[in-house]
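Below is one structure, written out as structure tokens; comments come after it.
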Amino acid sequence: MTLTEIMETLPYGPAPEAAQPAMDWLKAHKGKFQLFIAGKWRNPASKEWFTTINPATAQKLAEVAQASAADVDEAVKAARKAFAGWSQTKGHVRARYLYAMARQIQKHARLFAVLETLDNGKPIRETRDIDIPLVARHFYYHAGWAQLMESELAGYAPLGVVGQIIPWNFPLLMLAWKVAPALAMGNTVVLKPAEFTPLTALLFAEICQNIGLPPGVVNIITGDGKTGAALVEHPGVDKIAFTGSTEVGRIIRKATAGSGKKLSLELGGKSPFVVFEDADLDSAVEGVVDAIWFNQGQVCCAGSRLLVQEGIAEKMYTKLRARMEKLRVGDPLDKAVDIGAIIAPVQLQKIQQLVQKGVEEGAKLWQPSWAVPAEGCFYPPTLFTEVAPASTIAQEEIFGPVLAALTFRTPEEAVRLANNTRYGLAASIWSEDINLALDVATQIKAGTIWINSTNLFDAASGFGGYRESGFGREGGKEGLWEYVKKIEQHRTAQGQTSSARGLTARASAESLPPIDRTAKLFIGGKQVRPDSGYSKAVYAPDGRLVGEVGLGNRKDIRNAVEAARSAQEGWRKTAAHSKAQILYFLAENLSQRAEEFARRLSEQTGQDGGAEVEAALEALFTAAAWADKYEGLVHPTPLRNVTLAIPEPIGVMGILCPDDQPLLALARLAGTALAMGNTLVVVPSPLAPLSATDFYQVLETSDVPAGTLNIVTGERDELALTLAEHDDVDAVWYAGPQAGWALVEKASAGNMKRTWILPSSGPLPDTDEILRQATQVKNIWVPYGA
Ligand code: ADP
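For the sequence shown, position 276 (counting from the first letter as 1) is numbered 306 according to the working numbering, and the numbering increases by one without interruption.
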């Protein structure tokens with residue numbers, strides 16, 4: 031090539047990063063890695079090993095131990111033993127360990143980056159500039175929370191032993207997302223890296239040794255799905271934190287159902303990348319490159335659906351094709367490569383099959399003119415246009431460098447298309463009109479929204495899904511709640527237990543006239559008869575009949591869910607101030623009938639109804655008070671950004687009320703959920719449903735819109751199951767006997783709805799917990815800069 035040619039074409043020469051230090055590290059371990067349990071390396075009880083290969087070259091990197099159930103057991107035991115000391119270790123001391131981890135990662139940053147690239151196939155540019163710096167950032171950030179836990183999370187304690195299962199797409203970063211908050215909050219950890227990418231986790235284990243972390247605080251066990259399953263099923267684990275496919279997430283949801291294990295799931299996505307006609311198109315094109323070709327598109331929040339406003343679609347596609355033509359696919363260790371290798375042949379086949387499906391279903395395929403390397407596992411950047419919204423490639427997660435483009439006409443249509451997915455992990459919105467962008471941001475159902483940006487991550491910002499993308503958040507203050515529990519004696523007894531119970535009844539039940547009215551159900555703002563045509567007797571504790579309620583069935587629940595769904599949009603959008611007023615007014619109406627309610631309560635429960643009515647009024651006031659005060663945060667992410675962490679309603683919720691203090695429970699649980707903008711299907715306690723059914727008369731005289739709060743009486747577990755199975759219900763709170771816990775959690779796996787399990791009796795949860803359960807945090811990233 032002549033100098034003139036070089037100057038004219040400016041081609042990239044190879045700029046390879048040396049693999050040698052990482053290869054030396056592998057060699058120093060003789061290419062074989064044991065399990066890291068209780069601070070020591072040990073052989074797997076299974077005596078089985080598996081190989082991990084470099085997907086860019088198909089060459090073997092190392093042999094890694096396959097942990098069996100017996101090894102999992104050892105690791106959990108080690109973590110349990112370590113928990114005694116670690117949970118009592120002062121926050122400041124834990125902070126020092128986390129700080130040491132951050133420092134060590136920085137000191138060995140290049141070794142980590144190269145090792146990650148070798149094991150995963152992602153470009154060195156990404157591991158070096160994104161993955162590893164973010165890993166260090168997570169440990170620093172959480173060192174801070176360890177330091178602050180005592181003051182900022184007063185009354186909360188660590189959970190115990192946490193089982194963590196992570197995928198292969200961001201091996202060390204996912205480890206950091208999970209290990210850092212868990213340790214900061216005083217938990218101990220058993221972590222299983224993905225079978226394709228175990229190496230950086232093993233290097234991290236060495237760091238734990240080097241910094242003198244107490245043995246057993248972090249245990250790393252390698253293995254495949256079987257190892258993961260053994261960890262999930264281990265009775266000694268208090269929480270499972272999982273990142274991976276929705277399919278496996280569903281298995282884990284079912285496996286942990288009823289076990290009392292806390293669970294967070296970060297699952298798949300089909301995130302929309304929405305470009306309005308006033309967007310800066312060149313920036314948007316660069317955004318697409320980051321959204322779908324970052325990490326070969328193997329990103330759970332990849333912007334895999336491009337939604338473009340019709341008028342600019344062709345222009346956008348033209349620019350995009352020109353840009354795609356210039357992307358470089360190849361040796362991931364080459365610093366000038368944009369797209370590296372696909373993780374494994376099995377994933378490559380999956381991508382090829384889905385692309386084939388896209389062609390068969392009539393979408394128009396475009397790929398750059400150049401060919402990808404023949405050796406190793408590579409796939410070119412791919413653009414589909416003319417994609418039908420219901421087609422496979424518009425709906426299914428491909429987890430590869432494949433973009434499906436659709437057009438829209440109006441912002442409303444963009445929102446509808448964006449939400450036309452079972453997922454809800456992330457979205458990007460491109461417009462120079464901040465009004466439009468923020469308006470659309472509030473309407474897209476996703477845990478993270480990036481405005482004029484994409485795939486931004488930081489430890490200070492929460493990350494996690496809506497709908498079938500899972501539940502729970504990682505990062506930010508909101509992520510800490512996944513790793514703590516309320517200390518029991520810290521629950522305030524205000525208005526409950528001793529104050530409402532055990533006091534003499536104000537009104538004597540004997541003096542009352544008999545009641546022969548059968549309470550109906552309350553659906554869509556109307557009293558309705560139960561579909562079954564049956565009623566159910568309600569007895570006082572002394573066996574006397576105090577009334578009858580309708581026996582609701584599946585159909586009634588379905589109608590109630592439909593009513594709650596129709597009311598959802600309106601209630602969500604009702605100003606917080608108005609919601610507060612409506613709840614205050616509800617309390618006012620209840621107070622006018624306080625005596626009647628007190629009498630009814632005394633009859634049903636034999637307790638002091640007057641005190642409970644007072645407590646219920648106070649609970650409604652508290653809910654009203656929070657309606658316009660449950661604030662989000664502005665996270666200080668390090669870019670030129672404001673990252674708004676906004677609590678949003680979950681949507682349609684089913685609430686199965688506990689047996690104790692039926693009116694108070696209704697007021698506190700339903701009141702708080704309403705205050706946060708949810709619409710509800712409430713199933714009153716079967717022991718004392720009449721107070722709830724009386725309550726609908728109060729509702730009728732209030733300003734609560736029809737369908738916002740629906741009441742269905744009947745058999746608790748039967749109705750709970752219907753609610754948990756219903757795909758249009760977004761969350762279920764189940765207070766009931768233990769037998770029902772598994773039932774509800776298992777059935778909720780269908781659409782991955784959030785569940786909250788409560789005992790059937792005893793003190794109610796505190797308001798701060800209810801507020802958190804009634805909301806999900808959306809992080810909206812808004813960059814600035816002229
Ligand atoms: P991906 O599509 O990202 O590979 P997977 O959900 O298949 O996602 O894998 C994510 C992690 O879950 C991996 O560490 C894998 O070994 C583990 N895993 C797979 N099957 C199970 C299972 N049944 N129970 C627990 N963990 C599992």
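Even glycine gets a Cβ: it sits at the ideal position worked out from N, Cα and C. All of these numbers come straight from a predicted model, not from anything done at the bench.
task = Measure the beta-carbon distance from Thr437 to Ala343 and round it to whole angstroms, keeping in mind my assumption that it falls under 8 Å.
result = 5 Å
inquiry  = If we define contact as Cβ-Cβ less than 9 Å, is Glu146 a contact residue for chain E?
reply    = Among the protein chains of the structure shown there is no chain E, as only one such chain exists.
query = Is it buried or exposed for Ala761, if we count other Cβ within 10 angstroms and need 16 for buried?
reply = Around the beta-carbon of Ala761, 16 or more other beta-carbon atoms lie within 10 Å, marking it buried.
ask   = What span of residues does the alpha helix (DSSP H) with Phe169 cover, start to end?
value = Note, Phe169: alpha helix (DSSP H), 162-182.
ask   = Do the region 481-493 and the region 439-446 meet, that is, are 3 or more Cβ pairs less than 8 Å apart?
value = no
query = So, using beta-carbon positions, are Pro362 and Ile154 closer together than 9 Å?
reply = Yes, these two residues count as a Cβ contact at 9 Å.
ask   = Is Gly525 buried or exposed, if buried means 16 or more other CB atoms sit within 10 Å of its CB?
value = Here Gly525 scores only 39 on pLDDT, less than 50, and its place in the model should not be relied on; the value that follows carries that caveat. Gly525 comes out buried.
message = Just checking Pro223 against the ligand MN - is the residue's beta carbon closer than 8 Å to any of the ligand's heavy atoms?
response = As far as ligands go, the structure on display features the ligand ADP and does not contain the ligand MN.
inquiry  = Please state the DSSP three-state secondary structure of Trp460.
reply    = strand
ask   = Per DSSP, what kind of secondary structure is Thr522 in: helix, strand or coil?
value = Here the model assigns Thr522 a pLDDT of 46, short of 50, so the residue's position is not dependable, and the following value carries that caveat. Thr522: coil per DSSP, three-state reduction.
request  = For Glu578, name the three-state secondary structure that DSSP assigns.
outcome  = strand
query = Is Leu221 closer than 9 Å to Ala214 when the C-beta atoms are compared?
reply = Going by C-beta atoms, Ala214 is not nearer than 9 Å to Leu221.
task = Since I believe Ala401 is in contact with Glu416 (beta carbons under 8 Å), could you give me their beta-carbon distance rounded to a whole number of angstroms?
result = Contact flag wrong, Cβ pair sits at about 25 Å.
query = Among Gly298, Lys380, Ser313, which has the Cα closest to the Cα of Ser304?
reply = Checking the displayed sequence, the identity of residue 304 turns out to be Val instead of Ser. It is Ser313.
inquiry  = Here's the rule I'm using: 16 or more other beta-carbon atoms within 10 Å means buried, otherwise exposed. How should Lys291 be labelled?
reply    = With a threshold of 16 other beta carbon atoms within 10 Å, Lys291 meets it and is buried.
message = With a threshold of 8 Å (Cβ to nearest heavy atom), would Ile381 be considered close to the ligand ADP?
response = Every heavy atom of the ligand ADP is 8 Å or more from the Cβ of Ile381, so no.
key: Under the three-state DSSP convention, the category Gly43 falls into   = coil
task = Label Thr227 either buried or exposed according to how many other C-beta atoms from any shown protein chain fall within 10 Å of its C-beta, with 16 as the threshold for buried.
result = buried
query = From what residue to what residue does the beta strand (DSSP E) around Gln194 run?
reply = 191-195
ask   = Quick one: does the C-beta of Gly195 sit closer than 8 Å to a heavy atom of the ligand ADP?
value = Per the sequence presented here, residue 195 reads as Ile, with Gly not at that position. Checking the Cβ of Ile195 against the ligand ADP gives yes.
inquiry  = Under 8 Å: does the beta carbon of Asp254 sit that close to some heavy atom of the ligand ADP?
reply    = Checking every heavy atom of the ligand ADP against the Cβ of Asp254, one is found closer than 8 Å.
inquiry  = If contacts are defined as beta-carbon pairs under 8 Å, then Leu202 and Val165 qualify, I think. What distance do you get, rounded to the angstrom?
reply    = 5 Å
inquiry  = Tell me the DSSP secondary structure of Asp488 in three-state form.
reply    = coil
task = Can you grab the Cα-Cα spacing for the pair Ala48 / Arg335, in whole Å?
result = 36 Å
request  = Evaluate the contact criterion for the region 549-567 versus the region 575-583: three or more CB pairs, one atom per stretch, below 8 Å.
outcome  = yes
ask   = Measuring CA to CA, which of Glu512, Leu739, Thr743 is closest to Pro560?
value = Thr743
query = How about Thr348 and Val94: do their beta carbons lie closer than 9 Å?
reply = no
query = DSSP state of Arg536, grouped into three classes?
reply = Here the model assigns Arg536 a pLDDT of 37, short of 50, so the residue's position is not dependable, and the following value carries that caveat. Three-state result, Arg536: coil.
request  = Along the beta strand (DSSP E) that carries Thr218, what are the first and last residues, could you check?
outcome  = 218-222
ask   = Which residue's Cα is closest to the Cα of Glu748: Ala184, Leu145, Lys585?
value = Closest in alpha carbon position to Glu748, among Ala184, Leu145, Lys585, is Lys585.
inquiry  = Once the 5 residues before and after Met204 are set aside, which same chain residues still bring their CB inside 6 Å of it?
reply    = Apart from the 5 residues on each side of it in sequence, Met204 sits with its Cβ closer than 6 Å to the Cβ of Ile196, Thr273 in its chain, given in chain order.
request  = Could you tell me whether the region 591-598 touches the region 704-716, using the rule of 3 or more Cβ pairs below 8 Å?
outcome  = yes
query = What residues match up with Asp689 in a beta bridge as DSSP calls it?
reply = Paired residue(s): none; Asp689 is not in a bridge.
key: Val718 versus Ile241 - alpha carbon distance   = The sequence shown places Ala at residue 718, rather than the Val named in the question. Rounded to the nearest angstrom, the two C-alpha atoms are 57 Å apart.
Residue from Gln691, Val672, Pro419 with nearest C-alpha to Val664 = Val672
key: As assigned by DSSP and simplified to three states, the class of Met354   = Met354 falls in the helix class under three-state DSSP.
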